[in-house]
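Novice: Got a structure for you, written out below as structure tokens; questions coming shortly.
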Amino acid sequence: MNDTPLFVTRSFLPPAEEYEVLLRQAFSNCQLTNHGPLENRLKNDLQKFLHVQNICLTSNGTLALMLAIRQSGLSGKKIITTPYTYVATLSALLWEGCIPIFADIDPHSLCIAPKSVEKILQEHPDCAGILAVHVYGNACEVEALDVLCHKHNLICIYDAAHTFGSTYLERSLLDFGDYAICSFHATKLFHSVEGGCIISHTEENAYNLHLLTSFGHIHDDHQMLGINTKMSELHAAIGLAVLPYIPNNIMIRKKLSLLYESLLPMERLTRPYLHDGLKYNYAYFPIIFESEACLLKVKKVLETNNIFPRRYFYPSLTTLPYLPTLTRKSLCPVADSIARCALCLPLYETLEPHYIEQIATIIDRIVSAS
Ligand SMILES: *Cc1c(COP(=O)(O)O)cnc(C)c1O
Numbered sequence: 009m010n011d012t013p014l015f016v017t018r019s020f021l022p023p024a025e026e027y028e029v030l031l032r033q034a035f036s037n038c039q040l041t042n043h044g045p046l047e048n049r050l051k052n053d054l055q056k057f058l059h060v061q062n063i064c065l066t067s068n069g070t071l072a073l074m075l076a077i078r079q080s081g082l083s084g085k086k087i088i089t090t091p092y093t094y095v096a097t098l099s100a101l102l103w104e105g106c107i108p109i110f111a112d113i114d115p116h117s118l119c120i121a122p123k124s125v126e127k128i129l130q131e132h133p134d135c136a137g138i139l140a141v142h143v144y145g146n147a148c149e150v151e152a153l154d155v156l157c158h159k160h161n162l163i164c165i166y167d168a169a170h171t172f173g174s175t176y177l178e179r180s181l182l183d184f185g186d187y188a189i190c191s192f193h194a195t196k197l198f199h200s201v202e203g204g205c206i207i208s209h210t211e212e213n214a215y216n217l218h219l220l221t222s223f224g225h226i227h228d229d230h231q232m233l234g235i236n237t238k239m240s241e242l243h244a245a246i247g248l249a250v251l252p253y254i255p256n257n258i259m260i261r262k263k264l265s266l267l268y269e270s271l272l273p274m275e276r277l278t279r280p281y282l283h284d285g286l287k288y289n290y291a292y293f294p295i296i297f298e299s300e301a302c303l304l305k306v307k308k309v310l311e312t313n314n315i316f317p318r319r320y321f322y323p324s325l326t327t328l329p330y331l332p333t334l335t336r337k338s339l340c341p342v343a344d345s346i347a348r349c350a351l352c353l354p355l356y357e358t359l360e361p362h363y364i365e366q367i368a369t370i371i372d373r374i375v376s377a378s
């Protein structure tokens with residue numbers, strides 16, 4: 009058994025001295041929040057890194073989603089979304105008074121299936137938008153969703169919390185849709201401990217989102233109802249210290265993922281199919297078992313070895329107790345079945361290859377015996 013527990017993610021930390029240099033800047037000008045110079049610098053650096061414009065930084069990804077829903081005028085409306093995601097996608101919708109309607113997912117990409125979206129639009133022509141998720145950093149079928157949005161006059165928001173550093177057709181996945189949000193939570197590929205952002209595509213939206221993050225006013229000029237979801241200078245500082253390491257971290261994650269694939273019994277497991285044209289960020293390493301029973305056996309044995317993979321995402325959001333009646337009616341057999349059989353294995357920069365060998369050996373033994 010391993011002495012130290014192995015979790016599914018481990019936050020990347022830059023050398024403390026590099027954070028300290030940035031912290032000293034905040035200390036010396038004594039500006040700790042309210043859109044200070046470090047936040048500004050992070051915003052500019054991110055825009056350059058991702059080749060996008062109009063980034064609005066926030067205190068986390070969930071509030072970023074809520075602001076995107078609000079600014080797009082979707083609050084209170086019927087929105088098509090996916091049950092195969094982290095609960096925050098759903099909670100942002102419910103918190104904004106929306107009625108989520110679940111579309112099923114594509115069994116290969118694990119992202120929302122445009123065919124299922126189309127079916128829902130026939131049943132619910134009053135849907136006003138789509139909130140889709142680029143699951144595990146894989147790309148949704150953005151072209152097909154785009155066509156549906158144009159045809160039915162829908163707003164498209166992407167929960168791109170997993171996609172930092174993924175590109176599709178050489179373009180950041182964060183650049184697609186009317187709005188895209190990212191999370192910079194400590195467990196994500198790029199992080200600022202807590203943080204997030206919204207990417208929008210008009211000056212007006214960018215301006216309004218910025219106002220929404222800080223109470224809707226500039227000095228004594230109150231322009232709209234806002235909230236407080238600013239990114240502090242201390243969070244921006246850690247983001248600035250982490251960002252330069254991202255390209256190398258993605259390379260390390262790629263190597264570790266390939267090692268997993270070379271050692272695991274891939275003929276008995278399924279992995280999400282990555283879209284052509286996608287340059288993947290290796291944010292997660294999910295595997296899908298043939299049965300939930302097999303997954304549970306593997307999970308149990310790994311846990312007795314002090315290894316803690318995560319059923320990400322389990323349970324399917326279709327089963328949550330607080331769904332509105334209309335939401336509960338959505339049937340998503342593919343998402344429900346994938347949610348029962350998917351397991352994310354540990355993947356982070358400092359994960360030593362011998363652990364991957366150990367994990368693969370355990371999985372191979374159990375899968376072969378079942
Ligand atoms: C992490 C995550 C969020 C929430 O982001 P926070 O920054 O933790 O609020 C939203 N959606 C998905 C898919 C996520 O994985």
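Numbering of the sequence shown is given in my numbering, commencing with residue 9 and proceeding in unit increments. Cβ atoms here follow ideal geometry from the backbone N, Cα and C, with glycine treated the same way. This structure is a prediction, so every number in the text was calculated from the model and none was measured.
With distances taken from CA atoms, which of P273, P341, T326 and C352 is nearest A377?
Specialist: The sequence position of residue 377 within the sequence shown is 369, counting from 1. Minimum Cα distance to A377 is reached at P273.
Novice: Is the CB-CB distance between S270 and Y290 below 8 Å?
Specialist: By one-based count along the sequence shown, residue 270 stands at place 262. By one-based count along the sequence shown, residue 290 stands at place 282. The answer is no: Cβ separation not under 8 Å.
Novice: Using C-beta distances below 6 Å, list every residue in its chain close to K305, excluding the 5 sequence neighbours before and after it, in chain order.
Specialist: For the purposes of this step, residue 305 is taken as residue 297 along the sequence shown, with counting starting at 1. Taken in chain order, the residues that qualify are I374.
Novice: Under the criterion of a Cβ to heavy atom distance below 7 Å, does D372 qualify as lining ligand 1?
Specialist: One-based indexing of the sequence shown puts residue 372 at position 364. No, since every heavy atom of ligand 1 falls outside the 7 Å radius drawn around the Cβ of D372.
Novice: Taking the alpha helix (DSSP H) that T89 belongs to, which residues open and close that run?
Specialist: Indexing the sequence shown from 1 puts residue 89 at position 81. That residue, T89, is in no alpha helix (DSSP H); its beta strand (DSSP E) goes K86 to T89.
Novice: Using only CA atoms, which one of L310, L325 and V16 lies nearest to Q366?
Specialist: Taking the first residue of the sequence shown as position 1, residue 366 is located at position 358. Nearest option by C-alpha distance: L310.
Novice: Among K196, K159, N213 and N146, whose alpha-carbon lies nearest the alpha-carbon of S180?
Specialist: In the sequence shown, the residue the question calls residue 180 occupies position 172. Of the candidates K196, K159, N213 and N146, the one whose C-alpha sits nearest the C-alpha of S180 is N146.
Novice: Flag this pair as touching only if the segment 243–251 and the segment 216–229 have three or more C-beta atom pairs under 8 Å; answer yes or no.
Specialist: Touching, no.
Novice: Looking at A100: is its Cβ nearer than 8 Å to the Cβ of I120?
Specialist: The sequence position of residue 100 within the sequence shown is 92, counting from 1. The sequence position of residue 120 within the sequence shown is 112, counting from 1. No.
Novice: Assign V16 to one of three DSSP states: helix, strand, or coil.
Specialist: Position 8 of the sequence shown, counted from the start, is the residue given in the question as residue 16. In this structure, V16 counts as coil in the three-state DSSP scheme.
Novice: Between the Cα of M232 and the Cα atoms of A34, A24, T221 and T17, which residue gives the shortest distance?
Specialist: Position 224 of the sequence shown holds residue 232. Minimum Cα distance to M232 is reached at T221.
Novice: Does at least one heavy atom of ligand 1 sit under 7 Å from the Cβ of N236?
Specialist: Here residue 236 refers to the residue found at position 228 of the sequence shown. Every heavy atom of ligand 1 is 7 Å or more from the Cβ of N236, so no.
Novice: For L40, which of helix, strand or coil comes out of DSSP?
Specialist: Numbered from 1 along the sequence shown, position 32 holds the residue referred to as residue 40. Three-state result, L40: coil.
Novice: For S299, count the other beta carbons within 10 Å of its own beta carbon; 16 or more makes it buried, fewer makes it exposed. Which is it?
Specialist: Here residue 299 refers to the residue found at position 291 when the sequence shown is read from its first residue. Exposed, by the Cβ-count rule.
Novice: Around the Cβ of L334, are there at least 16 other Cβ atoms within 10 angstroms (buried) or fewer (exposed)?
Specialist: Residue numbering aside, residue 334 sits at position 326 when the sequence shown is read from its first letter. Per the 10 Å Cβ criterion, exposed.
Novice: Output needed for C352: all residues of its chain with C-beta closer than 7 Å, excluding positions within five of it in sequence on either side, in chain order.
Specialist: Counting from one through the sequence shown, the residue named residue 352 turns up at place 344. Once the five neighbours on either side are set aside, the close Cβ partners of C352 are V16, Y292, F293, P294, P317, R318 and Y320.
Novice: Could you tell me which residues DSSP pairs with Y380 in its beta bridges?
Specialist: Residue 380 lies beyond the stretch modelled for the chain, which goes from 9 to 378, so this question has no answer here.
Novice: Taking one C-beta from the segment 107–125 and one from the segment 144–159 each time, how about it: are there three or more such pairs within less than 8 Å?
Specialist: Judged by Cβ distances under 8 Å, the segment 107–125 makes contact with the segment 144–159, as three or more pairs qualify.
Novice: For the alpha helix (DSSP H) that V306 lies in, which residues bound it at each end?
Specialist: One-based indexing of the sequence shown puts residue 306 at position 298. E300 to T312 is the span of the alpha helix (DSSP H), which, as asked, contains V306.
Novice: Is it the case that the CB of G69 approaches a heavy atom of ligand 1 more closely than 7 Å?
Specialist: Counting from one through the sequence shown, the residue named residue 69 turns up at place 61. It does: the Cβ of G69 is within 7 Å (strictly closer) of some heavy atom of ligand 1.
Novice: Would DSSP call H4 helix, strand or coil?
Specialist: Because residue 4 is not part of the residues shown, which for the chain are 9 to 378, the question remains open.
Novice: Looking only at C-alpha atoms, which of H43, N42 and E28 sits nearest to S36?
Specialist: Translated into positions along the sequence shown, residue 36 becomes position 28. Comparing Cα-Cα distances from S36 to each of H43, N42 and E28, the minimum goes to E28.
Novice: Under 8 Å between the Cβ atoms of L389 and G204?
Specialist: Because the chain in this structure spans residues 9 to 378, residue 389 falls outside the shown range and cannot be described.
Novice: Measuring CB to CB, does L75 end up less than 8 Å from T237?
Specialist: Here the question's residue 75 lines up with position 67 in the sequence shown. Here the question's residue 237 lines up with position 229 in the sequence shown. Yes, they are a contact pair.
Novice: Does ligand 1 have a heavy atom nearer than 7 Å to the CB of H167?
Specialist: Start at 1 with the first residue of the sequence shown, and residue 167 comes out as number 159. At residue 167 the sequence reads Asp, which differs from the His that was named. At least one heavy atom of ligand 1 is nearer than 7 Å to the Cβ of D167, so yes.
Novice: Below 8 Å between beta carbons: does that hold for C340 and S324?
Specialist: Numbered from its first residue, the sequence shown carries residue 340 at position 332. Numbered from its first residue, the sequence shown carries residue 324 at position 316. Yes, they are a contact pair.
Novice: Pop quiz: P280 and H170 are said to be a contact at Cβ under 8 Å. What is the actual Cβ separation, rounded to whole angstroms?
Specialist: Start at 1 with the first residue of the sequence shown, and residue 280 comes out as number 272. Start at 1 with the first residue of the sequence shown, and residue 170 comes out as number 162. At roughly 11 Å, the Cβ-Cβ gap does not stay under 8 Å, so P280 and H170 are not in contact.
Novice: Please state whether DSSP places N236 in a helix, a strand or coil.
Specialist: Counting from 1 along the sequence shown, the entry for residue 236 is found at position 228. Of the three classes helix, strand and coil, the one that applies to N236 here is strand, per DSSP.
Novice: Could you compute how far the alpha carbon of Y268 sits from the alpha carbon of L355?
Specialist: The residue given as residue 268 occupies position 260 in the sequence shown. The residue given as residue 355 occupies position 347 in the sequence shown. So the alpha carbons of these two residues sit roughly 10 Å apart.
Novice: Evaluate P91 with the Cβ neighbour count: other Cβ atoms within 10 Å of its Cβ, from every protein chain shown; 16 or more gives buried, anything less gives exposed.
Specialist: The count along the sequence shown starts at 1 and reaches residue 91 at position 83. Buried is the call here.
Novice: Judging by CA-CA distance, which residue of L248, I296 and P255 is the nearest neighbour of Q33?
Specialist: Counting from one through the sequence shown, the residue named residue 33 turns up at place 25. Checking every option, the nearest Cα to that of Q33 belongs to L248.
Novice: To the nearest whole angstrom, what separates the beta carbons of Y363 and L286, a pair I think is in contact under 8 Å?
Specialist: Numbered from its first residue, the sequence shown carries residue 363 at position 355. Numbered from its first residue, the sequence shown carries residue 286 at position 278. Their Cβ separation, rounded to whole angstroms, is 27 Å, which puts Y363 and L286 out of contact at 8 Å.
Novice: Sort T12, H199 and C164 by Cα distance to G69 and report the nearest one.
Specialist: Position 61 of the sequence shown holds residue 69. Nearest C-alpha to G69: H199.
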